[in-house]
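For the sequence shown, my numbering assigns the number 1182 to the last residue and increments by one with no breaks.
Everything below concerns the one structure shown next.
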Amino acid sequence: MIAIRSILDRQLTTLRQQTSQMSDVVEQSIALSLKALHKQDIGLARLVESFDKQINARRFQIEERCYELLALQQPAGSDMRAIVMTVSVVTNLERIGDYAAGIARLTQRIGERSLVEVPAEIAVMGTLTQWMVKNATGAFISRDPILAQSVRERDVELDKMQGRVYQKLIAAMTKNSAEIECNTLMLWASHNLERIGDRSATIAARVNYLVKGELYKSVENASV
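And the structure:
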């Protein structure tokens, strides 16, 4: 019995390590997508898309391992919750990678035209989303409900930033119709960042279930 427990502990540790590594790649993808947007670097934007393929592969690898553990080890209690919630976490991380790749595709649509001004708020939002991804995953791995709550609180702040970006860009388009196309793309970029925040908050909410066995949504209308 002790040997079986030891094997499961090692497998759960490996799952946590793989999830943390996936989160690191997702953070890099967000950072690169924003750098590509600010510099209008088409080559860098294409690199983000290759990161997205890696993120997808990691998600399915971890998910498959979770299902194997559920079938072979038949865990119960907190072990079972940890495995089930890992599937949810990596699914949300994969979707965050999709949003980062979406920003990279917007950069490619802007193309190599004269340098387009990126609202300063988008850079701030980008920094905040990277923090949220890192700490949401960290809270899940370390089972830290206090850190998880701080991530959920920052999501409210991110939503307010996105609202300010929206108002700013709509005003700019009203004044100058020539800026409509590029500013619309910037709106989509800020929307993607806002969705990254929602997904991070959803990951953070999983900590409550992991620790207490109580499941609730982190953000109203957030996808799970």
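We treat Cβ as the ideally placed atom computed from N, Cα and C, and that holds for glycine.
Whether residue i touches residue j by CB criterion (8 Å)
| i | j | result |
| --- | --- | --- |
| L1143 | L1030 | no |
| D1113 | G1155 | yes |
| R1016 | V983 | yes |
| V1082 | Q998 | no |
| I1068 | C1024 | no |
| G1060 | L992 | no |
| S1008 | L1051 | no |
| I1000 | Q1066 | yes |
Nonlocal neighbours in the same chain, by C-beta distance under 7 Å from residue i, ignoring five residues either side
| i | result |
| --- | --- |
| L1088 | Before going on, a small fix: residue 1088 reads as Gln here, not Leu. The answer, listed in chain order, is E985, I988 and A989. |
| A1162 | A1094, A1097, A1106, V1109, R1110 and S1176 |
| L1145 | Y1124 and L1127 |
| L1005 | L990 |
Neighbourhood of residue i by C-beta, 6 Å cutoff - its chain only, sequence neighbours within 5 removed
| i | result |
| --- | --- |
| L1105 | N1093 and A1097 |
| R1053 | R1157 |
| I1020 | Q976 and V1048 |
| Y1057 | N1150, R1153 and I1154 |
| S1181 | Bear in mind that the predicted position of S1181 carries a pLDDT of just 40, short of 50, making it unreliable; the figure below should be weighed with that in mind. Taken in chain order, the list of residues that qualify is empty. |
Integer-rounded CB distance, given that residue j should sit under 8 Å from residue i
| i | j | result |
| --- | --- | --- |
| L973 | T1049 | Contact doesn't hold; Cβ gap of about 14 Å is too wide. |
| A1062 | A1003 | 4 Å |
| V969 | L1027 | One detail in the question is off: residue 969 reads as Gln in this sequence, not Val. Confirmed, Cβ separation roughly 6 Å. |
Residues near residue i by beta carbon distance below 8 Å, same chain, minus five either side
| i | result |
| --- | --- |
| R1101 | V1165, L1168 and V1169 |
| I1138 | M1131 |
| N1179 | Because N1179 sits at a pLDDT of 41, beneath the cut-off of 50, its placement in the model cannot be relied upon, and the point is left open. |
| H996 | V1076 and A1081 |
> Is the number of C-beta pairs between the region 1092-1099 and the region 1137-1151 that are closer than 8 Å three or more?
Replying inline: With contact defined as three or more Cβ pairs closer than 8 Å, the region 1092-1099 and the region 1137-1151 are not in contact.
> Pairing CB atoms from the region 1001-1020 with CB atoms from the region 1114-1129, are three or more of them under 8 Å?
Replying inline: The answer is no - the region 1114-1129 does not touch the region 1001-1020, with fewer than three Cβ pairs under 8 Å.
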